[in-house]
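Below is one structure, written out as structure tokens; comments come after it.
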Amino acid sequence: MPLPAGGGVHTPALGFPLTVGITRDHDGTLYFLYATGTTDLTGVWHAGGRPERIAAMPANSLPNGLALDARTHTLYITDSEGAVWSVPATGGTATAWSTDPALAPAGFLGANGLKVHNGAIWATNLDKGTIARIPILPDGTAGPAQITATDLTGIDDFAFTGHGDQILAALDTVDQVALVQPDGTHTTVLTAADGPQGPTPIALRGDTAYIMSAAYLTGKDPNEITVHLND
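Okay, here's the thing in structure tokens:
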């Protein structure tokens with residue numbers, strides 16, 4: 554990726570450029586986000602060969618989580634400065650889809666991980682330790698956010714297990730992974746003793762979960778953990 558002017562020092566909250574939020578279309582196209590703190594590079598990119606920006610986002614935004622709604626072919630993006638954006642997967646103008654207060658940061662990073670699930674956008678808030686469900690209304694606009702889970706310290710990315718609204722969540726700042734039930738209760742299923750070091754993205758295929766550890770805070774042992782889920 555091209556290095557931004559100044560090396561990315563103006564990237565909000567972090568001060569360095571980063572690529573995040575990768576997702577894949579059915580035709581194999583990869584979409585990802587690039588946050589640089591500059592107007593010429595920040596936004597949504599795709600890679601079907603040479604990387605190309607398909608939608609610009611404001612320099613003062615921090616694009617973080619990314620998901621594709623296959624039904625409408627719309628990309629949704631969490632902005633950790635407190636919003637969810639939308640953009641056609643074909644590219645174009647990014648629109649601030651929701652700026653609900655549930656997405657706002659409380660000192661560092663707000664909206665983080667994001668998934669499209671059961672007619673809604675689900676987004677985490679790292680600072681607040683919450684998961685919010687934002688309904689996609691019939692006209693495509695956002696309904697009010699509903700907090701579905703709390704007390705998830707340092708929550709980053711997450712994935713639905715396939716059992717309704719049950720979630721497997723990465724708790725980045727405490728080196729843990731939690732299993733969150735549809736009623737909002739949760740249990741810790743992995744701790745630092747099991748290997749996670751600042752876990753960030755989670756992906757599931759069948760009964761196998763793939764958990765990536767970035768080790769942002771520890772600076773030790775960035776890794777990938779594979780675990781099998783029991784019914």
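This note's numbering puts the sequence shown at residues 554 to 784. The beta-carbon is built from N, C-alpha and C at its ideal position, and this holds for glycine as well.
Rank the options by C-alpha distance to the C-alpha of residue i and give the top, closest one.
i: G581; options: G601, T592 and P754; result: G601
i: A647; options: A659, P658, A657 and D632; result: D632
i: T625; options: A767, A642, W650 and F569; result: A642
i: Q699; options: L656, Q734 and T714; result: L656
i: P611; options: F713, T627, I674 and V637; result: V637
i: A685; options: N783, P775, H670 and D692; result: H670
i: P688; options: G645, G707 and Y629; result: Y629
i: A746; options: G645, L782, G737 and I778; result: I778
The beta strand (DSSP E) spanning residue i covers which residue range?
i: N776; result: N776 to H781
i: G772; result: Here G772 belongs to no beta strand (DSSP E), and DSSP marks it neither H nor E.
i: T701; result: Q699 to A702
i: P688; result: T683 to P688
i: G574; result: L571 to R577
i: V727; result: Segment: none, V727 is in no beta strand (DSSP E) and carries neither H nor E.
i: R606; result: E605 to A609
i: V597; result: G596 to A600
By Cβ distance below 7 Å, which residues in the same chain neighbour residue i in space, the five residues on each side in sequence not counted?
i: L662; result: A566, S633, L679 and D680
i: T771; result: Q750 and G751
i: A756; result: A712 and Y763
i: T740; result: A731 and L732
i: P735; result: G717, D718 and Q719
i: V742; result: V730, A731 and L732
i: N776; result: G748, Q750 and S766
For my contact list, residue i and residue j are in at a C-beta cut-off of 8 Å; report their separation, rounded to the angstrom.
i: G618; j: D710; result: 7 Å
i: G666; j: T677; result: 4 Å
i: T753; j: D725; result: 6 Å
i: T738; j: L782; result: T738 to L782, Cβ: 17 Å. No contact.
So, for residue i: in the same chain, excluding its five sequence neighbours on each side, which residues have a beta-carbon less than 6 Å away from its beta-carbon?
i: A598; result: In the sequence as displayed, the identity of residue 598 is Trp instead of Ala. For W598, where only same-chain residues beyond five positions count, the Cβ hits under 6 Å are F585, Y587, P604 and R606.
i: G559; result: none
i: V573; result: L586 and N617
i: D622; result: V669
i: V780; result: A762
i: A609; result: G596
Please go through the same chain and pick out, in chain order, the residues whose beta-carbon is closer than 8 Å to the beta-carbon of residue i, but skip the five residues on each side of it.
i: L615; result: T564, P565, A566, L567, A588, D632, S633, E634 and L662
i: L705; result: T677, G682, T683, I684, A722, L724, A731, V733 and H739
Practice item. Please specify which runs of the beta strand (DSSP E), each continuous and at least 3 residues long, are wholly inside the segment 729-754, giving them in chain order. Key: 729-733 and 739-743
Practice item. Within the segment 611-675, note down every full beta strand (DSSP E) run reaching 3 residues or more, in order along the chain. Key: 616-622, 627-632, 636-641, 648-651 and 664-670
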